[in-house]
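Report on one structure; see the data block that follows.
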Amino acid sequence: QEYLEIIAVESSRLATLATNVLNLSKVENQTILTDQKVYDLSEQIRGAILLLAPKWEEKQLEMAIELPDCSYYGNKDLLGEVWINLLDNAIKFSTVGGKLGVSVFDLGTKLAITISDTGLGMDQETKQQIFNKFYQGDTSRATAGNGVGLAIVDKVVALHGGTITVKSAVGSGSRFEVLLPKRVKPERSMA
1 QEYLEIIAVE
11 SSRLATLATN
21 VLNLSKVENQ
31 TILTDQKVYD
41 LSEQIRGAIL
51 LLAPKWEEKQ
61 LEMAIELPDC
71 SYYGNKDLLG
81 EVWINLLDNA
91 IKFSTVGGKL
101 GVSVFDLGTK
111 LAITISDTGL
121 GMDQETKQQI
131 FNKFYQGDTS
141 RATAGNGVGL
151 AIVDKVVALH
161 GGTITVKSAV
171 GSGSRFEVLL
181 PKRVKPERSM
191 A
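For the sequence shown, the tail end lands on 191 under my numbering, and the numbers increase by one without skipping.
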């Protein structure tokens, strides 16, 4: 029975790794955005928070959420992966009873999306490497992952003309900020 559980867990881990590598390969080779539409960005982020509820509830995380209604023109599926990856990492590296913050701010020409935690934090070297493929930081921390998620996040944000930055210190948590330029859906020409 114990071996079957190990096999099931490892099979799931390998399936996740394969999916992540395929997703990374797909976005790495993408130079233009396809399948763009106007959608409610805040609602999408709320959905990602709800999807990950079992994980943050298990860690008894206090949630501070500020998500005013906000529409955005972009690839909904790709950006959905961004929010799930960032939230999942924030939860994964949070300590039990910590805080998780999620907010969207309209800065006029840009939208600022921040995801912060009061978890383990990162040293300078890790901050400089986290968006590189397969980089996992301090491997002594026994956290599941494959070092692909943030590389995907970085590429998807760049495809949308945006930037992602991180502020962090060991023992003080991390704060990721995604800046996305407001983009207008092009008018269809009547040719």
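All C-beta atoms, glycine included, are put in the ideal place defined by N, C-alpha and C.
Nearest-angstrom Cβ-Cβ length linking residue i and residue j, presumed shorter than 8 angstroms
i      : j      : result
Leu180 : Leu111 : 5 angstroms
Phe176 : Ala151 : The pair is not a contact, with the Cβ atoms about 14 angstroms apart (cut-off 8 angstroms).
Leu33  : Asp88  : Between Asp88 and Leu33 the Cβ distance is about 23 angstroms, and since that is not below 8 angstroms, they are no contact.
Cβ-Cβ distance between residue i and residue j below 8 angstroms
i      : j      : result
Ala64  : Lys99  : yes
Gly235 : Thr114 : Given a span of 1 to 191 for the chain in the structure shown, any question on residue 235 remains unanswerable.
Lys80  : His160 : Note that residue 80 is Gly in the sequence shown, not Lys. It is not a contact, given that the beta carbons lie outside the stated cut-off.
Val255 : Val82  : Any answer about residue 255 is impossible in this case: the structure gives the chain only from 1 up to 191.
Burial state of residue i (16 or more Cβ within 10 Å)
i      : result
Tyr72  : buried
Thr143 : Note that Thr143 scores 48 on pLDDT, short of 50, meaning its location in the model is unreliable and no value can be drawn from it.
Val38  : exposed
Lys185 : exposed
Gly97  : exposed
Ala90  : buried
Val153 : buried
Thr118 : buried
Leu86  : buried
Thr139 : Low confidence applies to Thr139: its pLDDT is 42, below 50, so where it sits in the model is not reliable, and the reading given next is rough at best. It counts as exposed.
Leu4   : exposed
Proximity winner among the options, relative to residue i (alpha-carbon distances)
i      : options                        : result
Val170 : Glu125, Glu43, Ile91 and Arg46 : Glu125
Glu57  : Glu2, Ser174, Thr95 and Thr165 : Thr95
Val178 : Thr163, Leu107 and Lys167      : Thr163
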